[in-house]
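Note that the UniProt record's numbering numbers the sequence shown so that position 179 is 179, with each residue one more than the last.
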Amino acid sequence: MIGNDIVDLAQAKRESNWRRRGYLDKIFTPDEQQLIQAAIDPDQMVWLLWSMKESAYKRAVRRTHNRAFAPSKIACHLTASTADAAEGVVFYQGTHQTKSISTSRYISTVAFATNAMPGYTQVIVPFETTHFQTHQYQIREQIRQHSARLFNTPEQKILISKDSIGAPLLTVGDSVPVLLSISHHGLYGSFVIGAAVGLPVAVL
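Written out as structure tokens, the structure reads:
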């Protein structure tokens with residue numbers, strides 16, 4: 001199982017004033033709040049932790065089908081962190097390992113099983129508009145194009161569907177569906193394709 005989240009930092013700044021009274025208490029654990037207060041860039045830390053929570057939550061939903069979202073009950077622990085990347089563990093309905101990319105424009109996180117090689121492909125998709133329907137169309141076109149190259153398969157044999165809880169799936173020809181996670185926010189999108197058992201994968 002995989003989960004994926006992306007935060008457009010400019011959009012997040014416009015939408016959310018995390019410094020207002022009580023905001024952090026509703027979303028972050030005491031340990032996480034200490035990380036934020038001690039960070040060189042508190043804004044970056046806020047949205048890194050948020051991205052970790054969201055990606056782990058999405059992975060947990062796929063496993064449990066429980067959509068109840070209580071971010072303060074999702075506990076993040078950073079195991080490694082640099083200016084442009086981070087790794088961590090998230091505790092929520094199980095344990096999730098995370099890898100994050102941090103830039104001045106966005107933060108993106110992928111959650112996957114602990115103690116496992118992260119067998120996935122991630123692609124960041126920049127948008128020219130914040131229009132939701134345009135995002136939906138563009139990111140699906142990118143998924144089809146990327147999957148066709150990745151699996152050396154014609155685009156018309158790439159099918160994007162949903163499972164019983166509405167989580168996306170990717171089917172390549174007559175193969176078993178491959179896990180797919182899609183996220184978009186502001187002017188950025190991200191999709192992650194899980195490991196494909198039995199399918200030949202091209203080196204891109």
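Cβ coordinates follow ideal geometry from the N, Cα and C atoms, glycine included.
Would you mind working out which of Thr129, Ile27, Lys58 sits nearest residue 205, comparing C-alpha positions? Outside the shown range of the chain (1 to 204) lies residue 205, about which nothing can therefore be said.
For alanine 12, which residues from the same chain have a beta carbon less than 7 angstroms from its beta carbon, with the 5 sequence-adjacent residues on both sides left out? Working through the sequence shown from its first residue, we reach residue 12 at position 12. Closer than 7 angstroms at Cβ, skipping near neighbours: Trp47.
Within 10 angstroms of its Cβ, does asparagine 152 collect 16 or more other Cβ (buried), or is it exposed? What you label residue 152 is simply residue 152 of the sequence shown in a count that begins at 1. Asparagine 152 is exposed by the Cβ-count criterion.
Quick one: give me the first and last residue of the alpha helix (DSSP H) that histidine 135 is part of. For the purposes of this step, residue 135 is taken as the residue at position 135 of the sequence shown. Where histidine 135 is concerned, the enclosing alpha helix (DSSP H) stretches over 132-150.
So who's on the other strand from glutamate 87, going by DSSP bridges? Sequence index remark: in the sequence shown, residue 87 carries index 87 (1-based). DSSP lists Ala80, Lys99 as partners of glutamate 87.
Using the Cβ count rule (16 or more neighbours within 10 Å means buried), how would you classify valine 201? In the sequence shown, counting from the first residue as 1, residue 201 sits at position 201. With a pLDDT of only 48 at valine 201, under 50, the local geometry of the prediction cannot be trusted, and the value read off the model is given with reservation. Exposed is the call here.
In angstroms with no decimal places, state the Cα-to-Cα distance between lysine 26 and isoleucine 74. Here residue 26 refers to the residue found at position 26 when the sequence shown is read from its first residue. Here residue 74 refers to the residue found at position 74 when the sequence shown is read from its first residue. Answer to the nearest angstrom: the Cα atoms are 11 angstroms apart.
Output the distance between the C-alpha atoms of proline 154 and alanine 60, rounded to the nearest integer angstrom. Numbered from 1 along the sequence shown, position 154 holds the residue referred to as residue 154. Numbered from 1 along the sequence shown, position 60 holds the residue referred to as residue 60. Roughly 32 angstroms separates the two Cα atoms.
Cβ-Cβ distance between serine 147 and glycine 3 below 8 angstroms: As a position in the sequence shown, residue 147 is number 147, starting the count at 1. As a position in the sequence shown, residue 3 is number 3, starting the count at 1. No, the pair does not count as a contact, with Cβ atoms beyond the cut-off.
Quick check on the burial criterion: 16 or more other C-beta atoms within 10 angstroms. Buried or exposed for threonine 109? Here the question's residue 109 lines up with position 109 in the sequence shown. It counts as buried.
Across which residues does DSSP place tyrosine 92 in a beta bridge pair? For the purposes of this step, residue 92 is taken as residue 92 along the sequence shown, with counting starting at 1. Answer is none; tyrosine 92 lacks a bridge partner.
Taking the alpha carbon of glutamine 156 as the reference point, which residue from Lys162, Ala167, Asp174 has its own alpha carbon closest? Position 156 of the sequence shown, counting from 1, holds the residue named residue 156. Residue Asp174 is the option with its Cα nearest to glutamine 156.
Within 10 angstroms of its Cβ, does serine 51 collect 16 or more other Cβ (buried), or is it exposed? Translated into positions along the sequence shown, residue 51 becomes position 51. Taking all protein chains in view, the Cβ of serine 51 is crowded by 16 or more other Cβ atoms within 10 Å, so the residue is classified as buried.
What's the gap between the Cα of serine 183 and the Cα of glutamine 33? To locate residue 183, count along the sequence shown from 1; it is residue 183. To locate residue 33, count along the sequence shown from 1; it is residue 33. About 25 angstroms.
I'd like to check one pair, alanine 70 with leucine 78: are the Cβ atoms closer than 8 angstroms? To locate residue 78, count along the sequence shown from 1; it is residue 78. To locate residue 70, count along the sequence shown from 1; it is residue 70. Alanine 70 sits away from leucine 78, with the two beta carbons spaced by 8 angstroms or more.
Would you kindly work out how many angstroms separate the C-alpha atoms of tyrosine 120 and isoleucine 107, rounded to a whole number? Numbered from 1 along the sequence shown, position 120 holds the residue referred to as residue 120. Numbered from 1 along the sequence shown, position 107 holds the residue referred to as residue 107. Linking tyrosine 120 to isoleucine 107 through their CA atoms gives a straight-line distance of about 18 angstroms.
Assuming tyrosine 57 contacts phenylalanine 127 (C-beta within less than 8 angstroms), just tell me the rounded distance between them. Numbered from 1 along the sequence shown, position 57 holds the residue referred to as residue 57. Numbered from 1 along the sequence shown, position 127 holds the residue referred to as residue 127. With a Cβ gap of about 23 angstroms, tyrosine 57 and phenylalanine 127 do not count as contacting.
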